[in-house]
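Q: Quick one: this structure, given as structure tokens, is what I'll be asking you about.
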Amino acid sequence: MRCRSPAQPAKASGWRSPLNEPALHVAGLSHRWGAKLALDEVGFTLPAGRFCALLGPNGAGKSTLMAVLTGLIRPRPGVVTVEGVDMGRAPRKALAGIGVVFQQPTHDLDRTVAANLRYFAALQGLARRETEGRIAEALTRLGMAERAGEKVGKLNGGHRRRMEIARALLHRPKLLLLDEPTVGLDAPARAAITAHVHDLTATGITVLWATHLVDELHDSDEMVLLHRGTVAATGAIGQLRGEVPLADWFLARTGAAA
Amino acid sequence: MSALRAAGAIMARELARFLTQRERFFAALVRPLVWLVVFAAGFRAALGLSIIPPYRTYITYETYIAPGLCGMILLFSAMQSSLSLVNDRESGTMRLMLTAPWPRWFLLGAKLVAGALVGLLQVAAFLGIAYAYGIHLPPLGYVAALPAVVLSGLMLGALGLFLSARIRQLENFAGVMNFVIFPMFFLSSALYPIWKMQESSPVLALLCKLNPFTHAVELIRFALYRQLEPLSLAVVAGATAVFFALALWGFEPARTRPPKRD
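Protein sequences, first through last, are from chains A and B. Its first residue numbered 1, the first sequence is counted upward by one per residue in full-length UniProt numbering. Its first residue numbered 1, the second sequence is counted upward by one per residue in full-length UniProt numbering.
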């Protein structure tokens, strides 16, 4: 199972299960902001149920890619498919299968954790009788069950982020997108969130985790390395880096300190 | 049904946010009351009013500007919520809302209706206090004005939505005051009948007549006397549709723009 650029032929067979659609398939995605080419023919495939890092230095195109994957910029038909649904043709159906944790905080500080989750559940159109059960389940998964009644403003940054991850799971998406989710958090909070999100893949959720911090990643994780708007490498991190520490490997590939 | 739940959640959130912001409610009431009590007292001597529809007798200046001040409340409320939209967009709350699996017109429409209801609450509170102060309007007029106030709130909210989507420079309130609120408010029939304006400047009077805010005020004014002003209804409804269409266009997702290659 590999994140693989379509430009590179698959070396191992079975990288894409014939029965299941890949969680995310991108092919030939380009976007420019004015004259600057932010994404240039980007392509990769995320196999279902894996943790995949979207790694790249600042300005590599991660944010633009996230803007496409969260519906802010609409791709042409046939370029981005989520669980087999074409984002250019059926953006709402594609978005329904995606959970998003934005880089900027998106919560109401003066309302409780449960109220924030209830708002999102209703926004997704979940039935009222289902909502409380799903909120309890999602908070438990993130180790946040006892915080349900607390106001978000009283929580520390790490717990706010965990609340947002729990919220992104309420509509049971297959694909979870996180855009630099640990920015501004201290080391223990970062480690806890990284571990929680890695655990989510055990239940079949596919994770795309945009970051430039290599210490959040495991050797068994997949990676898409984005550099100057193009896919510079894809594959399992352990195989890609060999014996070289990931930070050094990253530096050598991009010329940027991780 | 689930779409209605989504719309209900958006409205409940807006109302809850408004009700927890006591200062905003307070400011929204103090502003028109100052105009009603202080400004009108100073101005009434300067301005002679003749009997014009919908009025059948001589009225006090306070009575004349009450509908205009309702419009003012809606104008400020709409511009304030459009500014909060700009904040929402920067904080990602707007992006979160737009990832919900519903059409954009539906999500933004729910937001708009929520804003109009918040405006209605403020207008109701203002008219209540004005009643205590001595501005007594026909009892059934208060009921008849409900749809007029809501429609005017929708129109101004749609304008605010469009501004927040497209015009970056309006991110601070001073800019909105100077370029939107003041021109709309003063170039309207809110504070003086247009025939008065006509006496001093036909050009300004024409601008007043073209200003959709004038028609919002007149729609409310006539409704308060249980009368329908068809032209104003048409203008307000039409302007609502145009502003909302512009807002939807403003919130359209961008398309990917591949490089130009030969």
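Where a beta carbon is used, it is the ideal one built from N, C-alpha and C, also for glycine.
Mind checking which residues open and close the alpha helix (DSSP H) that includes PHE120/A?
A: The count along the first sequence starts at 1 and reaches residue 120/A at position 120. First-last of the alpha helix (DSSP H) with PHE120/A: 113-123.
Q: Roughly how many angstroms lie between the CA atoms of GLY229/A and ALA254/B, to the nearest whole one?
A: As a working note, residue 229/A is residue 229 in the first sequence. As a working note, residue 254/B is residue 254 in the second sequence. Computed Cα separation, rounded: 18 Å.
Q: Among PHE243/B, VAL242/B, ALA216/B, whose alpha-carbon lies nearest the alpha-carbon of PRO230/B?
A: Counted from its first residue, the second sequence places residue 230/B at position 230. Ranking the options by Cα distance to PRO230/B, first place goes to ALA216/B.
Q: For GLY235/A, which beta-bridge partners are listed by DSSP?
A: What you label residue 235/A is simply residue 235 of the first sequence in a count that begins at 1. GLY235/A is bridged to MET223/A.
Q: Give me the chain A residues within the contact set of GLY2/B, using Cβ-Cβ distance strictly less than 9 Å, ordered along the chain.
A: Along the second sequence, one-based indexing puts residue 2/B at 2. The displayed chain sequence assigns Ser, not Gly, to residue 2/B. Going along chain A in sequence order, the residues near SER2/B (Cβ under 9 Å) are ALA122, GLN124, GLY125, LEU126, ALA127.
Q: Name the one or two DSSP bridge partners that LYS196/B has.
A: Residue mapping note: residue 196/B aligns to position 196 of the second sequence, counting from 1. In DSSP, LYS196/B forms no bridge with anything.
Q: Buried or exposed: which applies to GLY204/A, given that a residue is buried once 16 or more other Cβ atoms fall within 10 Å of its Cβ?
A: Along the first sequence, read from residue 1 onward, the residue named residue 204/A stands at position 204. With fewer than 16 Cβ atoms within 10 Å of its Cβ, GLY204/A is classed as exposed.
Q: Roughly how many angstroms lie between the CA atoms of ALA7/A and VAL214/A, to the nearest whole one?
A: Here residue 7/A is taken as the residue at index 7 of the first sequence, counted from 1. Here residue 214/A is taken as the residue at index 214 of the first sequence, counted from 1. Note that ALA7/A scores 46 on pLDDT, short of 50, meaning its location in the model is unreliable and no value can be drawn from it.
Q: Scan the region 91-176 of chain A and note each continuous beta strand (DSSP E) run of 3 residues or more that stays entirely inside, going in chain order.
A: Runs found: 98-101.
Q: Do the region 88-106 of chain A and the region 239-255 of chain A touch if we need at least three Cβ pairs shorter than 8 Å?
A: The region 88-106 of chain A is not in contact with the region 239-255 of chain A.
Q: Suppose the cutoff is 7 Å on Cβ atoms and the five residues either side in sequence are ignored; what does the same chain contact list for LEU191/B look like?
A: Here residue 191/B refers to the residue found at position 191 of the second sequence. Within the same chain, LEU191/B has close Cβ partners ILE65, GLY68.
Q: Of all Cβ atoms in chain B, is any one closer than 8 Å to the Cβ of PRO173/A?
A: For the purposes of this step, residue 173/A is taken as the residue at position 173 of the first sequence. For PRO173/A, the answer is no, since every Cβ of chain B falls outside 8 Å of its Cβ.
Q: Quick one: measure Cβ to Cβ for PHE44/A and VAL231/A, integer angstroms, because I've assumed they're closer than 8 Å.
A: The count along the first sequence starts at 1 and reaches residue 44/A at position 44. The count along the first sequence starts at 1 and reaches residue 231/A at position 231. That pair is a contact at about 6 Å.
Q: Taking C-beta pairs closer than 7 Å, name the residues in chain B that ALA96/A reaches, listed in chain order.
A: Indexing the first sequence from 1 puts residue 96/A at position 96. The answer, in chain order, is PRO101.
Q: Hey, how far is the Cα of THR93/B from the Cα of HIS218/A?
A: Here residue 93/B refers to the residue found at position 93 when the second sequence is read from its first residue. Here residue 218/A refers to the residue found at position 218 when the first sequence is read from its first residue. C-alpha separation (whole angstroms): 31 Å.
Q: Just the Cα atoms here: how many angstroms apart are GLY235/A and ALA53/A?
A: Mapped onto the first sequence, residue 235/A falls at position 235. Mapped onto the first sequence, residue 53/A falls at position 53. Spanning the two alpha carbons is a distance of roughly 10 Å.
Q: Under a CB-based cut-off of 8 Å, is PRO6/A close to chain B?
A: Start at 1 with the first residue of the first sequence, and residue 6/A comes out as number 6. Low local confidence applies: a pLDDT of 49 at PRO6/A is under 50, so the model's placement there is unreliable, with the coordinate-based value given in what follows. No, PRO6/A does not count as interfacial toward chain B.
Q: Does PHE44/A get closer than 8 Å to chain B when you measure Cβ to Cβ?
A: Counted from its first residue, the first sequence places residue 44/A at position 44. Chain B, which has no Cβ nearer than 8 Å to the Cβ of PHE44/A, makes this no.
Q: In angstroms with no decimal places, state the Cα-to-Cα distance between ALA130/B and VAL86/B.
A: Along the second sequence, read from residue 1 onward, the residue named residue 130/B stands at position 130. Along the second sequence, read from residue 1 onward, the residue named residue 86/B stands at position 86. Using only the alpha carbons, I get a separation of about 33 Å.
Q: Sort LEU15/B, PRO183/B, LEU156/B, SER164/B by Cα distance to THR240/B and report the nearest one.
A: Taking the second sequence and counting its residues from 1, the one referred to as residue 240/B is at position 240. Comparing Cα positions, the closest option is LEU156/B.
Q: If GLY153/A sits next to ASP110/A, beta carbons under 8 Å apart, how far is it from one beta carbon to the other, in whole angstroms?
A: Position 153 of the first sequence, counted from the start, is the residue given in the question as residue 153/A. Position 110 of the first sequence, counted from the start, is the residue given in the question as residue 110/A. With a Cβ gap of about 6 Å, GLY153/A and ASP110/A count as contacting.
Q: What does GLY250/B touch in chain A if you count any residue whose Cβ is under 8 Å from its own?
A: Here residue 250/B corresponds to residue number 250 of the second sequence, with the count starting at 1. In chain order: nothing, as chain A lies at least about 13 Å away.
Q: Inspect the CB distances between the region 201-208 of chain B and the region 28-36 of chain B and report whether three or more fall short of 8 Å.
A: No, because fewer than three Cβ pairs between the region 201-208 of chain B and the region 28-36 of chain B fall closer than 8 Å, the two stretches do not touch.
Q: Determine the extent of the beta strand (DSSP E) in which ALA27/A is found, giving its start and end residues.
A: As a first step, residue 27/A is located in the first sequence; it is residue number 27 there, counting from the start. Segment 24-33, the beta strand (DSSP E) holding ALA27/A.
Q: Using the beta-carbon count (16 or more within 10 Å), is LEU146/B buried or exposed?
A: Within the second sequence, the letter at position 146 stands for residue 146/B. LEU146/B comes out exposed.
Q: Got a sec: is the Cβ-Cβ distance from GLY71/A to anything in chain B below 8 Å?
A: Within the first sequence, numbered from 1, the residue matching residue 71/A stands at position 71. Closer than 8 Å: yes.
Q: Checking contacts by CB at 8 Å: is HIS31/A closer than that to chain B?
A: Against the first sequence, residue 31/A aligns to sequence position 31. So yes, HIS31/A belongs to the interface.
Q: So, at 7 Å on beta carbons, what are the nonlocal neighbours of ASP262/B in its own chain, with the 5 sequence-adjacent residues on each side left out?
A: As a first step, residue 262/B must be located in the second sequence, where it is residue number 262. Model confidence at ASP262/B stands at a pLDDT of 49, short of 50, so the residue's coordinates are unreliable; what they give is reported in the following sentence. So no residue of the chain qualifies.
Q: Grab me the residues of ALA35/A's own chain with a C-beta within less than 6 Å of its C-beta, minus the 5 sequence neighbours each way, in chain order.
A: As a first step, residue 35/A is located in the first sequence; it is residue number 35 there, counting from the start. Excluding sequence neighbours, ALA35/A sits near nothing in its chain.
Q: Rounded to the nearest angstrom, what separates HIS107/A and VAL180/B at their Cα positions?
A: Against the first sequence, residue 107/A aligns to sequence position 107. Against the second sequence, residue 180/B aligns to sequence position 180. Rounded to the nearest angstrom, the two C-alpha atoms are 30 Å apart.
Q: Give every residue of the same chain whose Cβ lies closer than 6 Å to the Cβ of ALA138/A, excluding the five residues on either side of it in the sequence, and list them in chain order.
A: To locate residue 138/A, count along the first sequence from 1; it is residue 138. Same-chain partners within the cutoff: ALA166, LEU169, LEU170.
Q: Would you mind sorting HIS159/A into buried or exposed? The rule is 16 or more other CB atoms within 10 Å of its CB.
A: For the purposes of this step, residue 159/A is taken as residue 159 along the first sequence, with counting starting at 1. Label assigned to HIS159/A: buried.
Q: Would you kindly check if the distance between the Cβ of ARG56/B and the Cβ of GLY141/B is under 8 Å?
A: If you number the second sequence from 1, residue 141/B lands on position 141. If you number the second sequence from 1, residue 56/B lands on position 56. Against a cut-off of 8 Å, the Cβ pair of ARG56/B and GLY141/B comes out as no contact.
Q: Please classify HIS227/A as buried or exposed, where buried requires at least 16 neighbouring CB atoms within 10 angstroms.
A: Residue 227/A sits at position 227 when you count from the first residue of the first sequence. Buried is the call here.
Q: Go through its chain and collect everything with a Cβ distance to THR112/A's Cβ below 8 Å, but skip five positions before and after it.
A: Looking up residue 112/A in the first sequence gives position 112. Excluding sequence neighbours, THR112/A sits near ALA148, GLY149, GLU150, LYS151, VAL152.
Q: Helix, strand or coil for GLU21/A per DSSP?
A: Stepping through the first sequence from its first residue, residue 21/A is reached at position 21. GLU21/A falls in the coil class under three-state DSSP.
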